[in-house]
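To start, the structure under review is shown below, and the notes come after it.
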């Protein structure tokens, strides 16, 4: 997906922004007044992302602040209400899961269970938006300076974590698990949709941020080289970060696996008359097989016996917020000096999140500045403040008890489908409406040479066909899925009717931008071509 979609679309968006010298709405309107809706759809996707993405940074602040405690609060279960023992809910799960779902989110049992706001999350979200505003206060120049730090610092932390991760017990098991693919998944279209969505997110395709940033480039800047280099660095960084993650994950899985073996060892010692020094975690599996064969009835009567399997433990991977907060916090608590590793990790996560926010807020503000009728009397500071304030106020809904379910709704439906649609329309416009010949001449004007056959084949044939296939599959899968579901606190549940309607509106909002704006442009042009009305009582003279 990086080769078929990522690199050519990255190249295309850089070229469009650098040529048109405007944000996404202005750039596509300059190509044709009927195509401004493409830029509007990009802005809407960026708006949706801005609304919910900063809550992740709020969680990062929450974990960062809690890392400065003598004992990490997610390392052990709190006392119950009576103070007589550990909390029962925490014991049924794990301390890390309890801290995330109960202390961080205070999540309700379903999306229909209402509840008040989490004051700590409200303050953390406010802090996240204040910092975002300060970073973008002076426009793209100040943003560019901040990005130097937000881009370089995570590499430093990841390198430190790589060294630490690979020296942990069981780390290589996780790395080996990462590099052993399930080839049958390549026949699953969902895999390719997820891969495309990941490329769009990591490269910033379809959000309008690339067009907005490249509009500030020098006119003869070599964006072709940048498209190739940045895409390769981006993909390499993903692999590098994955090695770090799976080394930590291997350590966590190995600790859980050996804890299971130790519980089995103690169970066998209590149930059978065996010398303690004969059983250890290295041979407990052999003892289980032997005792099961020699004492089947006694063995079958054992209660609490677990099946310990390292591969199964590695296969219980989590993703999304669970990966970032539950998995890492669980691994960190088993390291020496856990507070140090916790501060380092969550500060890095915060820096990465802020870096992502800068691009999306810029993708929103730059096109707004093109609307001089709306923003004529607003300074860049005032416009930035209004955008941040609006997003903060809407984002307060994610700090409520059912807020995480709405967060999941936005994360699952507001971006992936819309990005597929936006980039599909973009590549069709450039190749077949604007025309590949005109696009070639524009590139020649900027770079002094025309694009090679490689770019033309990808933009005219390969990329549109792949995107069209993924888009059709997404729609068919969406329709065949029937009732939309979400992961509740304990079980998978159906979204209520209003939730399904809201999801439909999210999907339709971006798609409708293109035809509605084209219709508006058509009506406006038709109105402007009409002759002025003849005043009442006047005389019309024919030549």
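Residue numbers (our numbering): 80 to 622.
A virtual CB, placed ideally from N, CA and C, is assigned to each residue, including glycine.
In this text, all values refer to a predicted model and were calculated from it rather than measured experimentally.
When the five nearest sequence neighbours on each side are left out, the beta carbons in the same chain lying within less than 7 Å of the beta carbon of residue 435 are those of 132, in order along the chain. In this structure, residue 425 places its C-beta atom within 7 Å of the C-beta atom of residue 143. When secondary structure is reduced to three states using DSSP, residue 277 falls in the helix class.
Ranked by how close their Cα comes to the Cα of residue 103, the residues 149, 120, 186 have 120 in first place. In terms of Cβ geometry, residue 136 and residue 207 form a close pair [threshold 7 Å]. Residue 458 counts as exposed, since fewer than 16 other beta carbons sit within 10 angstroms of its beta carbon. Residue state for residue 565 is assigned as strand, using DSSP reduced to three classes. DSSP places residue 415 outside both helix and strand once states are collapsed to three, so it counts as coil.
With respect to the C-alpha of residue 504, the residue from 340, 591, 408 having the closest C-alpha is 591. By the criterion of a C-beta distance shorter than 7 Å, residue 463 is surrounded in its chain by 212, 215, 216, 444, once the five residues flanking it on both sides are discounted.
Minimum Cα-Cα distance from residue 231 among the listed residues 502, 430, 506, 523 corresponds to 430.
With contacts defined as CB atoms closer than 7 Å, residue 405 and residue 176 qualify as a contacting pair. Separation of the CB atoms of residue 478 and residue 128 is rounded to 17 Å, and the pair is thereby denied contact status at 8 Å. With a threshold of 16 other beta carbon atoms within 10 Å, residue 261 falls short and is exposed. Under the DSSP assignment, residue 254 falls in the alpha helix (DSSP H) whose first and last residues are 250-257. Assigned with DSSP and collapsed to three states, residue 196 falls in strand. Counting only runs of 4 or more residues that sit fully inside the stretch 459-527, the alpha helix (DSSP H) segments are 459-474, 482-488, 495-507, 515-526, in chain order. If you check the CB distance, residue 187 and residue 194 come in under 7 Å.
At least 7 Å separates the beta-carbon of residue 123 from that of residue 502. Only residues of its own chain outside the window of five on either side were considered, and among them 347 have a CB closer than 7 Å to the CB of residue 353, listed in chain order. With respect to the 7 Å criterion, residue 545 and residue 130 are not classified as neighbours on the basis of their beta carbons.
In the structure shown, the three-state DSSP call for residue 367 is helix. For residue 158, the secondary structure class from DSSP, reduced to helix, strand or coil, is strand.
Ranked by how close their Cα comes to the Cα of residue 420, the residues 588, 113, 148 have 148 in first place. When the beta-carbon positions are compared, residue 290 and residue 106 come within less than 7 Å of each other. In terms of Cβ geometry, residue 363 and residue 343 form a close pair [threshold 7 Å]. DSSP places residue 185 in the coil class of the three-state scheme, outside both helix and strand. The Cβ-Cβ distance between residue 337 and residue 360 falls below 7 Å. Following the DSSP letters along the chain, one finds residue 91 inside the alpha helix (DSSP H) bounded by residues 86-99. Taking C-beta atoms as the reference points, residue 113 and residue 600 count as a pair closer than 7 Å.
For residue 590, the enclosing alpha helix (DSSP H) has its first and last residue at 576-608. With distances taken between CA atoms, residue 229 lies nearest to 433 out of 433, 578, 294, 412. When Cβ pairs closer than 8 Å are counted between the two stretches, the stretch 512-526 is seen not to touch the stretch 273-291, the count staying below three. Under the rule that a run must span 3 or more residues, no beta strand (DSSP E) segment is found entirely inside the stretch 262-313.
As the crow flies, the alpha-carbon of residue 486 is around 11 Å from that of residue 184. Residue 150: not part of any alpha helix (DSSP H); DSSP gives it neither H nor E.
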